[in-house]
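Asks:
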């Protein structure tokens, strides 16, 4: 499985966009980039995922670089309730390792009032 | 609310005991996954069931077992409990992919069961 690298922590002002980076330089062609978040010991919450193209949903946008070696999760207008640990996960679409999600240490996003 | 339910929310027990954690997947999901989150190990995959059959296994101890019933709910059984088994246990569910490719299917997590072994 490709490994991911995320900064351990980030701050963001309430109402501003939060841009969370993730490096996955060893990603292969059939591997998806998934983002989850975990708010203080609650169950991980699915945010968004993508393969090659940028994706947007009601929660966030995912920007994947053309070479797919890095991505950025964008929360357009962060609120205090977005304070959480954000996990970037690279996951093969096919093959024996696809069943599980491999969580790293993630980025603790602290949204400041 | 992900639609995945887990009971109980909290469980306190003693070393050597056995407990059962229960999970009900989202409506329509055939696959259930179990994860353990401890302070020192982070979130780790334990096991997956699909339509009643074991599909994939992760770092699950021999003292732990799971099953998925015909109504698709799943139970995780933890026996001979040790202090180190204290953790959050999460269940997730997903649909089955059309043509293999489990990696394309999003897993949705329940609220978890917090287990404390004293």
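Chains as they are written, first to last, in my numbering: chain A, 221 to 333; chain B, 134 to 251. Yeah, the Cβ is synthetic: ideal placement off N, Cα and C, and Gly gets one too. Only a predicted model underlies this, so the values are computations on that prediction, with no experimental measurement involved.
1. Go through its chain and collect everything with a Cβ distance to residue 297 of chain A's Cβ below 8 Å, but skip five positions before and after it.
2. Could you name each continuous alpha helix (DSSP H) segment of 4 residues or more that falls completely within the stretch 135-176 of chain B, going from the start of the chain to the end?
3. At 9 Å on the CB atoms, spell out the chain A contacts of residue 161 of chain B, in chain order.
4. Please state the DSSP three-state secondary structure of residue 214 of chain B.
5. Assuming residue 182 of chain B contacts residue 198 of chain B under a Cβ cut-off of 8 Å, what Cβ separation, rounded to an integer in Å, is found between them?
6. Please report how far the alpha carbon of residue 212 of chain B lies from the alpha carbon of residue 147 of chain B, in whole angstroms.
7. Going by DSSP in three states, residue 237 of chain B sits in which element: helix, strand or coil?
8. Indicate whether at least one CB of chain B lies closer than 8 Å to the CB of residue 281 of chain A.
9. Residue 157 of chain B: which of B:195, B:239 and B:138 sits nearest, CA to CA?
10. Please work out which residues of its chain come closer than 7 Å, Cβ to Cβ, to residue 304 of chain A, disregarding the five sequence neighbours upstream and downstream, and give them in chain order.
11. Could you tell me whether the stretch 266-273 of chain A touches the stretch 320-328 of chain A, using the rule of 3 or more Cβ pairs below 8 Å?
12. Using a Cβ cut-off of 9 Å, which residues of the stretch 251-269 of chain A contact any Cβ in chain B, in chain order?
13. In three-state DSSP terms, what is residue 232 of chain B?
14. Counting along the chain, where does the beta strand (DSSP E) carrying residue 248 of chain B start and finish?
15. Residue 169 of chain A and residue 277 of chain A: beta carbons closer than 8 Å?
16. Can you find the residues in the same chain that come closer than 8 Å, C-beta to C-beta, to residue 151 of chain B, ignoring five residues on each side of it along the sequence?
17. My understanding is that residue 313 of chain A touches residue 252 of chain A, with C-beta atoms under 8 Å, so please give their C-beta distance in whole angstroms.
18. Considering just the uninterrupted stretch of the beta strand (DSSP E) at residue 231 of chain A, what are its terminal residues?
19. Determine which residues share a DSSP beta bridge with residue 184 of chain B and list them.
20. So, does the CB of residue 252 of chain B fall closer than 8 Å to a CB anywhere in chain A?
21. Interface residues of chain B around residue 313 of chain A at Cβ under 7 Å?
22. By the three-class DSSP mapping on this structure, what secondary structure does residue 257 of chain A have?
23. Report the neighbours of residue 229 of chain B on chain A: residues whose CB is nearer than 9 Å to its CB, in chain order.
24. Let's test the definition: count the other Cβ atoms within 10 Å of the Cβ of residue 160 of chain B and tell me whether it reaches 16, buried, or not, exposed.
25. Measure from the C-beta of residue 203 of chain B to each C-beta in chain A and report whether the shortest distance is under 8 Å.
Replies: Once the coordinates are examined:
1. The residue given as residue 297 of chain A occupies position 77 in the first chain. Excluding sequence neighbours, residue 297 of chain A sits near 235, 236 and 237.
2. Within the stretch 135-176 of chain B, no complete alpha helix (DSSP H) run reaches 4 residues.
3. In the second chain, residue 161 of chain B corresponds to position 28, counting from 1. Residues of chain A passing the Cβ test: none, with the nearest at roughly 16 Å.
4. Taking the second chain and counting its residues from 1, one reaches residue 214 of chain B at position 81. The answer is coil: DSSP assigns residue 214 of chain B none of H, G, I, E or B.
5. Residue numbering aside, residue 182 of chain B sits at position 49 when the second chain is read from its first letter. Residue numbering aside, residue 198 of chain B sits at position 65 when the second chain is read from its first letter. No, residue 182 of chain B and residue 198 of chain B are not in contact; Cβ-Cβ is about 11 Å, not under 8 Å.
6. Stepping through the second chain from its first residue, residue 212 of chain B is reached at position 79. Stepping through the second chain from its first residue, residue 147 of chain B is reached at position 14. If you take the alpha carbons of residue 212 of chain B and residue 147 of chain B, they lie about 11 Å apart.
7. Stepping through the second chain from its first residue, residue 237 of chain B is reached at position 104. Under the three-state reduction of DSSP, residue 237 of chain B is assigned to helix.
8. Numbered from 1 along the first chain, position 61 holds the residue referred to as residue 281 of chain A. Not a single CB atom of chain B sits nearer than 8 Å to the CB of residue 281 of chain A.
9. As a position in the second chain, residue 157 of chain B is number 24, starting the count at 1. For the residues B:195, B:239 and B:138, the minimum Cα distance to residue 157 of chain B belongs to B:138.
10. Translated into the one-based positions of the first chain, residue 304 of chain A becomes position 84. 257, 258, 259 and 329.
11. When Cβ pairs closer than 8 Å are counted between the two stretches, the stretch 266-273 of chain A is seen not to touch the stretch 320-328 of chain A, the count staying below three.
12. In summary, the residues of the stretch 251-269 of chain A whose CB is separated from some CB of chain B by less than 9 Å are 251, 252, 254, 256, 258, 261, 262, 263, 264, 265, 266 and 269, in the order they occur in the chain.
13. Against the second chain, residue 232 of chain B aligns to sequence position 99. Coil.
14. What you label residue 248 of chain B is simply residue 115 of the second chain in a count that begins at 1. Where residue 248 of chain B is concerned, the enclosing beta strand (DSSP E) stretches over 246-250.
15. Residue 169 of chain A is absent from the model: chain A starts at 221 and stops at 333.
16. Taking the second chain and counting its residues from 1, the one referred to as residue 151 of chain B is at position 18. So the list reads 210, 211, 212, 213 and 214, once near-sequence residues are dropped.
17. Your numbering for residue 313 of chain A matches position 93 in the first chain. Your numbering for residue 252 of chain A matches position 32 in the first chain. About 6 Å separates the Cβ atoms of residue 313 of chain A and residue 252 of chain A, confirming a contact at the 8 Å cut-off.
18. Here residue 231 of chain A refers to the residue found at position 11 when the first chain is read from its first residue. From DSSP, the beta strand (DSSP E) with residue 231 of chain A extends over 229-233.
19. Residue 184 of chain B sits at position 51 when you count from the first residue of the second chain. Among the bridge pairs identified by DSSP, residue 184 of chain B is matched with none.
20. Any property of residue 252 of chain B remains undetermined from this structure, which presents chain B solely from 134 to 251.
21. As a first step, residue 313 of chain A must be located in the first chain, where it is residue number 93. Per Cβ cutoff of 7 Å: 234, 236 and 237.
22. Here residue 257 of chain A refers to the residue found at position 37 of the first chain. DSSP places residue 257 of chain A in strand when its eight states are reduced to three.
23. For this step, residue 229 of chain B is matched to residue 96 along the second chain. Close to residue 229 of chain B, with beta-carbon spacing below 9 Å, lies no residue of chain A; the smallest spacing is near 11 Å.
24. One-based indexing of the second chain puts residue 160 of chain B at position 27. Counting of Cβ neighbours within 10 angstroms places residue 160 of chain B among the exposed residues, the total staying below 16.
25. Sequence index remark: in the second chain, residue 203 of chain B carries index 70 (1-based). No, no contact with chain A.
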